[in-house]
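These notes concern the structure reproduced below.
Numbering (my numbering), first residue to last: 3 to 90.
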């Protein structure tokens, strides 16, 4: 339950654990109430992460252009997804 004006802090999970109010995996960055954040940090379950983004977005990939059809593809693709030409 979030109370009016409740301060929230970001923490990075150091050890996986499960709790009624917080569920986290190793390396996750969660935004929790300030009192709960202090408890997790004091117990060694988490560390402060004020500048980290909360969502664990996948690493963005670079796009390359196909020389044959000028379609955009992932840099890891071996062939163009539009025309099938080999990418360099």
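Heads up, the beta-carbon is just placed ideally off N, CA and C, and yes, glycines get one too.
Check, Outcome
"For residue 38, the three-state DSSP class (helix, strand or coil)", "helix"
"Residue 31 versus residue 70: straight-line alpha-carbon distance, rounded", "42 Å"
"Counterpart residues of residue 15 in DSSP-defined beta bridges", "48"
"Whole-angstrom C-beta distance between residue 80 and residue 90, which should lie under 8 Å", "Not quite, the Cβ-Cβ distance comes to about 10 Å (not below 8 Å), so this is no contact."
"Environment of residue 11 [buried if 16+ CB atoms lie within 10 Å]", "buried"
"Proximal residues to residue 49 (C-beta, below 8 Å), its chain only, five neighbours per side dropped", "13, 14, 16 and 43"
"Cβ neighbours of residue 76 in the same chain (closer than 6 Å, five flanking residues each side left out)", "63"
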